[in-house]
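Residue numbers (the UniProt record's numbering), protein chains in the order written: chain A, 1 to 376; chain B, 1 to 274.
Below: one structure, written as structure tokens.
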């Protein structure tokens with residue numbers, strides 16, 4: 001019996017997933033329509049700038065979903081998910097750098113500008129292959145996935161959990177930030193990778209490409225959401241919750257807790273990598289700042305605000321906080337961090353289940369258990 | 001015989017390839033033998049020449065004052081503690097002293113600890129689903145489907161433990177007694193041949209105790225059950241055979257009436273309480 005894809009069909013039959021996908025696709029269609037159909041001067045016209053901004057928000061939303069998967073359902077508070085996001089971003093950035101070819105400032109067909117500037121004679125071995133899109137896109141998944149695999153294998157096998165794991169993830173992203181700041185690493189050091197020209201042959205400056213990237217991000221978010229939903233509604237999802245609440249008991253039932261944690265952690269890291277890869281062509285730069293511990297903590301704040309262990313709450317949290325950030329930093333740049341901190345405190349005190357908890361309280365009927373839904 | 005020698009004999013299955021899980025041999029009537037088992041911790045003899053036989057399908061109560069070695073005995077059977085001397089056999093084929101905890105659990109020895117631990121954020125139904133004997137590796141768990149067979153099995157255990165009304169309720173809202181039953185139900189989902197139950201009625205009300213007594217006596221016959229309990233009234237209500245442990249060895253064995261008439265037992269244990 002072909003069961004390999006069964007677990008993905010289950011979430012697609014779920015009403016909450018259908019609702020989520022419906023809202024997401026409707027919003028994407030509306031933005032596309034307002035951008036394409038209305039003339040530049042119209043009041044309702046959505047500019048290319050706004051489309052890209054929304055695309056960026058969707059990348060953050062996918063990242064938040066990835067964090068919610070490990071934090072909400074598995075109880076692993078990762079304060080280093082920015083590292084996986086940035087690694088995915090760097091993999092994409094390397095591809096985009098190689099696409100520049102001889103159009104760089106120094107006109108070297110082989111070497112990116114910063115390498116010419118550093119007087120490097122040839123491409124480092126780890127830059128090989130990134131001129132091919134399929135290889136680069138594979139690396140978008142593999143680089144964060146491998147890091148998560150090695151890191152998770154060591155941490156979970158030694159039964160490192162709770163606050164210790166959080167601190168180690170924080171140290172991981174900090175160490176990577178320091179490493180990527182170094183010019184010798186060969187990733188552009190302080191300045192990172194930038195000055196991208198085109199992706200898959202489409203100019204990154206054209207509005208059509210920007211719209212395409214926005215739509216691609218929306219689709220990636222939809223796929224990521226369905227994958228996560230598939231995991232959390234499967235038996236493995238219930239085992240994850242069991243690991244979160246009573247790890248020793250789960251082990252006693254015969255489940256390999258470290259393997260469960262490793263699997264979910266790697267899936268989450270890969271999703272974060274995809275989010276990073278879609279983020280880079282839209283903002284036009286990737287630099288070690290994305291590895292900063294502060295960014296990783298901010299992601300956790302989005303998820304906490306939106307509501308843990310719901311997935312859609314993470315999306316809401318990421319969109320709302322980043323919209324607020326855009327508005328605030330425009331109006332009162334200095335007040336943003338205070339506003340974010342204040343918001344976090346308010347939500348923690350008055351809405352411990354986040355915005356999603358508020359929505360659940362409104363829609364009164366208690367949610368029936370997944371297993372009973374499956375039974376029906 | 002070394003592994004290399006084994007490799008040259010092409011007509012036999014190598015020991016390291018042979019499945020651990022061969023059927024439990026109970027042709028001689030007994031499912032568990034402990035013979036001359038002794039274990040000491042830092043010079044203190046927790047178990048001292050203990051001999052115990054549990055028959056297949058039997059319900060046995062084990063009583064004894066604190067420090068008599070009841071919990072240590074359970075630890076030895078489940079592989080948590082290794083005895084210094086003696087032998088422990090499950091059926092007449094499986095030497096438990098050569099196996100580790102997960103293997104012993106897989107053979108069909110289930111243990112319920114004193115403090116009930118259930119998954120509070122999951123429903124009663126889901127708790128039982130997770131406990132069920134199944135392929136517990138990651139990918140098979142991810143693609144596991146809810147089949148009619150599984151649902152029937154869970155319903156059967158729900159009926160047995162009297163939790164059918166609460167199947168969709170979160171385990172976190174259950175009372176202490178209901179959690180104990182759910183935990184026993186989770187053990188039953190693993191289809192054990194032998195159930196070791198440590199103080200099942202601690203903290204239960206009178207009615208809950210009666211319900212538990214019914215549950216445990218109902219299991220006997222299909223499964224062998226060993227109950228360690230302090231509550232004399234409860235033991236009297238379920239026991240057919242009672243074993244009294246004292247200072248790590250068997251002091252007396254028989255029906256409740258026989259052991260409570262035994263002068264040695266009265267002296268060390270019953271004399272104070274009952």
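Even glycine gets a Cβ: it sits at the ideal position worked out from N, Cα and C.
C-beta neighbour in chain A for residue i, strict 7 angstroms
i, result
"residue 119 of chain B", "yes"
"residue 138 of chain B", "yes"
"residue 68 of chain B", "no"
"residue 243 of chain B", "no"
"residue 144 of chain B", "yes"
"residue 171 of chain B", "no"
"residue 309 of chain B", "Any answer about residue 309 of chain B is impossible in this case: the structure gives chain B only from 1 up to 274."
"residue 202 of chain B", "no"
"residue 64 of chain B", "no"
"residue 122 of chain B", "yes"
Proximity to residue i [Cα-Cα], best of the options
i, options, result
"residue 136 of chain B", "A:35, A:235, A:21, A:248", "A:235"
"residue 88 of chain B", "B:112, B:122, B:51, B:62", "B:51"
"residue 280 of chain A", "A:91, A:42, A:338", "A:91"
"residue 69 of chain A", "A:333, A:88, A:229, A:179", "A:229"
"residue 107 of chain B", "B:139, B:133, B:121", "B:133"
"residue 157 of chain B", "B:185, B:167, B:143", "B:185"
"residue 354 of chain A", "A:329, A:318, A:339", "A:318"
"residue 25 of chain B", "B:49, B:140, B:194", "B:194"
"residue 249 of chain A", "B:187, B:205, B:216, B:209", "B:187"
"residue 237 of chain A", "B:74, B:143, B:113", "B:143"
Integer-rounded CB distance, given that residue j should sit under 8 angstroms from residue i
i, j, result
"residue 182 of chain B", "residue 161 of chain B", "7 angstroms"
"residue 226 of chain A", "residue 17 of chain A", "7 angstroms"
"residue 199 of chain B", "residue 228 of chain B", "6 angstroms"
"residue 67 of chain A", "residue 303 of chain A", "5 angstroms"
"residue 84 of chain A", "residue 272 of chain A", "4 angstroms"
Span separating the alpha-carbon of residue i from that of residue j
i, j, result
"residue 59 of chain A", "residue 336 of chain A", "21 angstroms"
"residue 43 of chain A", "residue 131 of chain A", "42 angstroms"
"residue 47 of chain A", "residue 104 of chain A", "28 angstroms"
"residue 246 of chain A", "residue 189 of chain B", "19 angstroms"
"residue 273 of chain B", "residue 64 of chain B", "Its pLDDT being 49, under 50, residue 273 of chain B is placed unreliably in this model, and the value from its coordinates should be taken loosely. Straight-line Cα distance between these residues: approximately 12 angstroms."
"residue 85 of chain B", "residue 38 of chain B", "5 angstroms"
"residue 28 of chain B", "residue 251 of chain B", "25 angstroms"
"residue 268 of chain B", "residue 253 of chain B", "14 angstroms"
"residue 306 of chain A", "residue 223 of chain A", "20 angstroms"
"residue 69 of chain B", "residue 82 of chain B", "14 angstroms"
"residue 411 of chain A", "residue 255 of chain A", "A question about residue 411 of chain A goes unanswered here, because the residues of chain A that appear run from 1 up to 376."
"residue 77 of chain B", "residue 88 of chain A", "51 angstroms"
"residue 110 of chain B", "residue 25 of chain A", "50 angstroms"
"residue 146 of chain A", "residue 268 of chain A", "12 angstroms"
"residue 47 of chain B", "residue 97 of chain B", "15 angstroms"
"residue 13 of chain A", "residue 205 of chain A", "39 angstroms"
"residue 141 of chain A", "residue 134 of chain A", "11 angstroms"
"residue 196 of chain B", "residue 349 of chain A", "45 angstroms"
Cutoff 7 angstroms: residue i Cβ touching any chain B Cβ
i, result
"residue 66 of chain A", "no"
"residue 253 of chain A", "yes"
"residue 235 of chain A", "yes"
"residue 246 of chain A", "yes"
"residue 7 of chain A", "yes"
"residue 263 of chain A", "yes"
"residue 159 of chain A", "no"
"residue 406 of chain A", "It is not possible to answer for residue 406 of chain A, since the shown part of chain A is limited to 1 through 376."
"residue 145 of chain A", "no"
"residue 260 of chain A", "yes"
"residue 227 of chain A", "no"
Simplified DSSP state of residue i, which is helix, strand or coil
i, result
"residue 178 of chain B", "helix"
"residue 112 of chain B", "strand"
"residue 238 of chain A", "helix"
"residue 154 of chain B", "helix"
"residue 220 of chain B", "strand"
"residue 89 of chain B", "strand"
"residue 45 of chain A", "coil"
"residue 203 of chain A", "strand"
"residue 173 of chain B", "helix"
"residue 196 of chain A", "coil"
"residue 238 of chain B", "helix"
"residue 162 of chain B", "coil"
"residue 246 of chain B", "strand"
"residue 87 of chain A", "helix"
"residue 46 of chain B", "strand"
"residue 12 of chain A", "helix"
Min CB distance residue i to chain D below 7 angstroms
i, result
"residue 168 of chain A", "Protein chains A and B are contained in the structure displayed, whereas chain D is not."
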